[in-house]
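Engineer:
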Amino acid sequence: MRPAKKSTRRSFVFWLLAGWVAYFLVPWYGIEDGFFSLEWLSADYLWDSDYAPAFFLLLMGEKWWLAPLLPALALPLLCLRFEHSDPRYAKFLILAGAGGFAYLIAQGFTIGLQGWQVGWMESLFGPLGDRQFGMGYGALIVASAFLFLFTEGIAARGAVNGDVFVVGSIGLVITIVGIFVFFPIVQMLINAFIDQDGSYSLVVFLSKFADRNLWGLGCLDGTRSCGAAWNSLFLAVLVGALTTVLGLVFALVVTRTDFKQKQWLRALTVLPVITPPFVIGLAIILLFGLSGTVNVFIAELFGQQPTRWVYGLPGVLFAQVLAFTPIAFLVLIGVVEGVSPSMEEAAQTLRANRLQTFWTVTLPLMRPGLANAFLLGFIESMADFGNPLVLGGNFDVLSTEIFFAIVGAQYDQGRAAVLALVLLAFTLGAFWAQRFWLGKKSYTTMTGKGDSGMHPKLPKVLAYPVYSVAAIWTLFTIVIYAMIVFGSFVELWGVNNTLTFKHYLTAFSVKFAENGVLWTGSAWDSFWTTIQIAAISAPLTAAIGLVTAYLLVRQNFAGKNMFEFGTMLSFAIPGTVIGVSYILAFNVPPIELTGTGIILVVSFIFRNMPVGVRAGIASMSQIDKSLDESSLTLGANSWQTFIRVILPLLRPAILAALVYSFVRAMTAISAVIFLVSAEYNMATSYIIGRVENNDYGLAIAYSTTLIVVMLIVVGLMQLIVGKRVLSRRSDPVPVPA
Amino acid sequence: MSKQETMDQQKKNQNAASVEFDGVTKVYGKSVRAVDNISMKVEAGTLVTLLGPSGCGKTTTLRMIAGLEMATQGRILIGDRDVTTLPATQRDVSMVFQSYALFPHMSVLENVSYGLKYSGHAKKEVRELAHDGLNLVGLKGYGDRLPSELSGGQQQRVAVARALVLEPQVLLFDEPLSNLDAKLRRRVREEIREIQTNLGLTVVYVTHDQEEALAVSDRIIVMNNAVIAQDGAPRDLYDAPNNTFVADFIGEANIFECEIDKIFKDEAYITLGDMQLILPDRGLKAGPASLAVRPNRIILAPAGVPGSLKGHLKKVTYVGNHLEYFIELEKSDIFAVSSDVNAIYKSGDDVSVSFAASGPVLLPE
Chain A
106 MRPAKKSTRR SFVFWLLAGW VAYFLVPWYG IEDGFFSLEW LSADYLWDSD
156 YAPAFFLLLM GEKWWLAPLL PALALPLLCL RFEHSDPRYA KFLILAGAGG
206 FAYLIAQGFT IGLQGWQVGW MESLFGPLGD RQFGMGYGAL IVASAFLFLF
256 TEGIAARGAV NGDVFVVGSI GLVITIVGIF VFFPIVQMLI NAFIDQDGSY
306 SLVVFLSKFA DRNLWGLGCL DGTRSCGAAW NSLFLAVLVG ALTTVLGLVF
356 ALVVTRTDFK QKQWLRALTV LPVITPPFVI GLAIILLFGL SGTVNVFIAE
406 LFGQQPTRWV YGLPGVLFAQ VLAFTPIAFL VLIGVVEGVS PSMEEAAQTL
456 RANRLQTFWT VTLPLMRPGL ANAFLLGFIE SMADFGNPLV LGGNFDVLST
506 EIFFAIVGAQ YDQGRAAVLA LVLLAFTLGA FWAQRFWLGK KSYTTMTGKG
556 DSGMHPKLPK VLAYPVYSVA AIWTLFTIVI YAMIVFGSFV ELWGVNNTLT
606 FKHYLTAFSV KFAENGVLWT GSAWDSFWTT IQIAAISAPL TAAIGLVTAY
656 LLVRQNFAGK NMFEFGTMLS FAIPGTVIGV SYILAFNVPP IELTGTGIIL
706 VVSFIFRNMP VGVRAGIASM SQIDKSLDES SLTLGANSWQ TFIRVILPLL
756 RPAILAALVY SFVRAMTAIS AVIFLVSAEY NMATSYIIGR VENNDYGLAI
806 AYSTTLIVVM LIVVGLMQLI VGKRVLSRRS DPVPVPA
Chain B
24 MSKQETMDQQ KKNQNAASVE FDGVTKVYGK SVRAVDNISM KVEAGTLVTL
74 LGPSGCGKTT TLRMIAGLEM ATQGRILIGD RDVTTLPATQ RDVSMVFQSY
124 ALFPHMSVLE NVSYGLKYSG HAKKEVRELA HDGLNLVGLK GYGDRLPSEL
174 SGGQQQRVAV ARALVLEPQV LLFDEPLSNL DAKLRRRVRE EIREIQTNLG
224 LTVVYVTHDQ EEALAVSDRI IVMNNAVIAQ DGAPRDLYDA PNNTFVADFI
274 GEANIFECEI DKIFKDEAYI TLGDMQLILP DRGLKAGPAS LAVRPNRIIL
324 APAGVPGSLK GHLKKVTYVG NHLEYFIELE KSDIFAVSSD VNAIYKSGDD
374 VSVSFAASGP VLLPE
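Here the protein sequences come in this chain order: A and B. Going by the working numbering, the first residue of the first sequence is number 106, and it counts up by one from there. Going by the working numbering, the first residue of the second sequence is number 24, and it counts up by one from there.
1. B/Ala57 by DSSP, collapsed to three states: which one?
2. Quick one: grab the DSSP three-state call for B/Lys34.
3. Apply the 10 Å Cβ neighbour rule to A/Gln727 and answer buried if 16 or more other Cβ atoms are within range, or exposed otherwise.
4. Suppose the cutoff is 7 Å on Cβ atoms and the five residues either side in sequence are ignored; what does the same chain contact list for B/Leu200 look like?
5. Is it the case that the Cβ atoms of A/Phe298 and A/Tyr305 are separated by a distance below 7 Å?
6. Can you check which of these residues, A/Gly420, A/Gln425 and A/Val309, is closest to A/Thr349 by C-alpha distance?
7. Would A/Val838 pass as an interface residue toward chain B - the criterion being a Cβ-Cβ separation below 7 Å?
8. Under 6 Å Cβ to Cβ from A/Val502, same chain only, skipping five residues before and after it: list those, please.
9. To the nearest angstrom, how far is the alpha carbon of A/Ser731 from that of A/Phe709?
10. Look up B/Lys333 in the DSSP assignment and give the residues it is bridged to.
11. Taking the alpha helix (DSSP H) that B/Gly46 falls in, what are its first and last residues?
12. For A/Val781, which residues does DSSP report across the bridge?
13. Helix, strand or coil for B/Asp254? Go by DSSP, reduced to three states.
14. Using a threshold of 7 Å, state whether the C-beta atoms of A/Val399 and A/Pro411 are closer than that.
15. Of all Cβ atoms in chain A, is any one closer than 7 Å to the Cβ of B/His128?
16. With a cut-off of 7 Å, does the C-beta of B/Val42 fall near any C-beta of chain A?
17. Within 10 Å of its beta-carbon, does A/Gly664 have 16 or more other beta-carbons around it, so buried, or fewer, so exposed?
18. Check the Cβ of B/Met87 against every Cβ in chain A and list those closer than 7 Å, keeping chain order.
19. Measure the Cβ-Cβ separation of A/Thr681 and A/Phe508 and say whether it is below 7 Å.
20. Between A/Ser547 and chain B, is the shortest Cβ-Cβ distance under 7 Å, so that the two count as touching?
21. Determine, using beta carbons only, whether A/Ser735 comes closer than 7 Å to chain B.
22. Report the residue from A/Gly352, A/Leu143, A/Ala203 and A/Ile484 whose alpha carbon sits nearest the alpha carbon of A/Val571.
23. Count the CB pairs spanning the stretch 206-214 of chain A and the stretch 157-166 of chain A that are closer than 8 Å, and state whether there are at least three.
24. Can you tell which of A/Met714, A/Ala476 and A/Asn798 has its C-alpha closest to the C-alpha of A/Ala538?
25. Excluding the 5 residues preceding and the 5 following A/Arg186 in the sequence, name in chain order all residues of the same chain whose CB lies nearer than 7 Å to its CB.
26. Got a sec? Which residues, its chain only, sit under 6 Å from B/Pro191 by beta carbon, not counting five neighbours each side?
27. Whole angstroms is fine: what's the gap from A/Leu245's alpha carbon to A/Phe206's?
28. Closer than 6 Å to a non-hydrogen atom of the ligand ATP - does that hold for the CB of A/Ile704?
29. Select from the stretch 97-123 of chain B all residues with a C-beta closer than 7 Å to any C-beta belonging to chain A, and list them in chain order.
30. Pick from B/Arg305, B/Ile286, B/Asp289 and B/Ser62: whose alpha carbon is nearest that of B/Asp262?
31. By DSSP's criteria, A/Cys331 is part of a beta bridge. Which residues make up the other side?
32. Quick one: which chain A residues come within Cβ less than 8 Å of B/Tyr137?
33. Going along chain A, which residues have a C-beta under 9 Å from B/Arg185?
34. In the DSSP assignment, the alpha helix (DSSP H) including A/Gln425 goes from what residue to what residue?
35. Using 8 Å as the Cβ pair cut-off and three pairs as the minimum, do the stretch 792-810 of chain A and the stretch 714-728 of chain A touch?
36. Tell me which same chain residues have a C-beta within less than 7 Å of the C-beta of A/Thr467, skipping the five on either side of it?
Now the structure itself:
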């Protein structure tokens, strides 16, 4: 006999308890040295104004505005006495949860460092005479308690079949996306309408929007260069299409041919993604720049002066395609593997030959994957800022324009905001077009029946072009990386080509003293910080991304489209804008994060989450829903189903999300450069600093080290997550290094 | 239910419970009524089949019992408990899916253990129960295989074992045999029936195959266009269908338009062409009515028998154990079968058509 389910009750009691404990025992406000330094944990921290929990602040007669939270915490206590099905249970929880949460937010925004934040409240109530700092863990836990008590109430009223886990997850994702995506963007967009004097003005916005630098078409008649908006769009479409094709080519070689060295190919295609983007830009300059090796060689061959042809569209396009093809590959490999072999076998028994099968069945079934890959390439290109910075020349794109609008001499936040709006419009347009293309067709191919078929090999007509493209691209990648490694051992590129270890020694020297190891190299600080931040943010990113994907694919709820839009939005925002908007939004209470490691982690989570979501959606829509349903009818709840059934089948997607978010956290530069602090300096910003000092040798040596470290990490992750075993007849694929 | 029967069932499965629908409606979107105001009761320990053509609402009904769909209106009771708003997890119901829905990443044993782990059993007990379940369906020794390493029939048994080991209040089958070949289908359906009777399970079974339904059920609920067309024992449905739909869907039936002359002592006096019949009135009044006759209850005789219908044989087909006749009457064409394979009638012959004594039945609707 199946025992009565207590889980709903358990999570309710847990969050209620958490709320009370936090209110009475956990420091309410943020602590300068960090919560986990545990410096605050002394015998009398309860009575120390800096560390006191909310209740003891009240006892000391401070921060009276925290008092109304107490009744909101007390109300759910009544619910302990009610049955789950009692309408009062739901009603009280919703009331307490929503009320408490809303009040917490409201007081946070009305009372700040200087007392009242809002003018009319000061004139209404008089000066406050007290102030409050950024919220700390006490406030965080109480806020979470209110949130989940609220979702508990919503679920008890029967929303989403009364599923506590699903409603709670929806609530959580909406809340954090609201705080860390919409709130900064709104702060940012408000700036688009602010003129020099700080007042709001539509004219200012329009004049900035209609700028010729943005929409000019001068390049068509050859008089001058085109506007940044057109450049970005053109570049992004090219990059999206090329990366998708190349990604598909590699996915096909790995899964559908007799090619024996598949694991090397996998490793090779992963190389560019673990490389900080500007490094590829640098390598391309070393090859094709004014004094680049290849450029000089060819110019001498034809007896001409070397030119700067690579700066501009060709160079940026080249670098971006190199950098983003692996993303398309990572997305597409799961999809290509996921196409049910029996579909293809069915087509072949229906007298389609291999080529016809490929065109009429395999390719159409991969449409969601192809669309996702294109979308990722498009958005990545739009948001990329490292490569246009290094290789752009006169080819202005939106992301660099935004950067210069804020960092450059202009310091025009309004202009940056307007440019960001245009960028957003493009990426959202691509997003909408993708939905339109996929339409309402079903792409479910993995049913609950064990599939025992085999993928057909690629038809010969396709195999040869696919092989040659893959070979050329691989060769090229090898050359690029050879240049990088070689460059790290060269004294001074192009001037003094003697080989040396000196760059590595400067960065990573170690001394063994009596009391242990001394990390004397100049790069160690930023190196450990980077590893730490990346290791914290990768699993969080993957978790949030996959839970979101699960909600989007498997659950139906009101406002789902808005929900999807919200979770994908952060991807459409270039890192530069995230950096600036985070500084604007989180520099002051109620949420004060600048200068901490948390802001870096948070920025990575929300910047990389859409990849996890996309990968999750693509793989999950290939798992038949009857698998979840049978798990539910066997007595597992939706959380257990998610853990035991969905996640194991999603291993490729998990791997993609983990690897991608870890690597992106280590290689990202655009957002990071605004958010680093003396204490939390990241590898990439340190490298950029070296580049600015013309210390190319050290920069390249550090980059090479990063690449090696990430290779090891990626390999380890692949070992841990492993490959899903579903069919005895699929040929065993060795775990790639 | 007598006290003795109740006790018997407690020995078998203490958990088997009844299922009751009280005015249940399911609306998809704004206006698509998949199930329209259905009331019915499945007694504990019985096997009830939901039978009907595709799109009639039978699967939706099943999924509402499972808790995979929520009723838009009405109440659903399992045992004495109102489960209308409970999700699948919290109902003590398990289901065998049409696609089997075996978890492809788990071994057979892990699949069967899956639900047990969430039922509060100790680890050792889970193992034992799962092995018992596999033995019960004849898959001893297959525990370590992956689902993809089993044949379709074996996969089906795993799916049954997985649902069975939980000893649920209600066990649901969604067209469980549709992916099996004909011979296997017959065998598996007998096995399911045997397990159900031996363990005293409450089973709700969805199918569109009337023969399967007749073979396994204690009771059949025929559905059409989102409502119940008829609810009764297999024999009742076959012998006394309520309407043209049921008459034709369960077995085949020839429908005759006839005239009830009068009703006397619950018997209807009927005129059909030259034929006079006296049949139970089934609540009908004098006036035009419909009469259903099974193909095997039609008797042929050489032309010219008084008080019969004149017919012309269009076609005679020999199908091994019986003959099939296609007969043209004045008003309609009918279909008859005869187990007398030594044909004395050839196509083109004129014949007299009459009905066997227990053959014709009036259709009340």
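Backbone N, C-alpha and C fix where the C-beta goes; we use that ideal spot for every residue, glycine too.
Structural biologist: With the given structure in hand:
1. strand
2. Legend: pLDDT at B/Lys34 = 45, less than 50; position of this residue unreliable, value from coordinates given subsequently. B/Lys34 falls in the helix class under three-state DSSP.
3. buried
4. Arg208, Val211, Arg212 and Glu235
5. yes
6. A/Gln425
7. Caution is warranted here: a pLDDT of 35 is assigned to A/Val838, below 50, making its placement in the model unreliable, and the coordinate value is therefore given only provisionally. So, not an interface residue.
8. Ala333, Asn336, Ser337 and Pro493
9. 35 Å
10. B/Ser375
11. Not the alpha helix (DSSP H): B/Gly46 falls in the beta strand (DSSP E), residues Val42 to Tyr51.
12. Answer is none; A/Val781 lacks a bridge partner.
13. strand
14. no
15. Answer yes: the Cβ-Cβ gap between B/His128 and chain A drops below 7 Å somewhere.
16. no
17. Around the Cβ of A/Gly664, a 10 Å sphere holds fewer than 16 other Cβ atoms; the residue is exposed.
18. Near B/Met87 there are no residues of chain A at all, since even the closest Cβ is about 12 Å away, more than 7 Å.
19. It is a contact, given that the beta carbons lie within the stated cut-off.
20. For A/Ser547, the predicted model reports a pLDDT of 49, less than 50, meaning its position is unreliable; a value from the coordinates is still stated below. Not closer than 7 Å to any Cβ of chain B, the Cβ of A/Ser547 fails to qualify, so no.
21. Interface residue, yes.
22. A/Gly352
23. Under the 8 Å Cβ criterion, the stretch 206-214 of chain A does not count as touching the stretch 157-166 of chain A, having fewer than three qualifying pairs.
24. A/Ala476
25. none
26. The residues are Asp115, Val116 and Ser117.
27. 11 Å
28. Judged by which ligands are present, the structure shown has none, so any question about the ligand ATP falls away.
29. Thr108, Pro110, Ala111, Thr112, Gln113, Asp115, Val116, Ser117, Met118, Phe120, Ser122 and Tyr123
30. B/Arg305
31. Partner(s): none; A/Cys331 has no beta bridge.
32. Ser736, Leu739, Ala741 and Arg749
33. Ser735 and Leu739
34. Leu418 to Gly443
35. no
36. Val444 and Glu449
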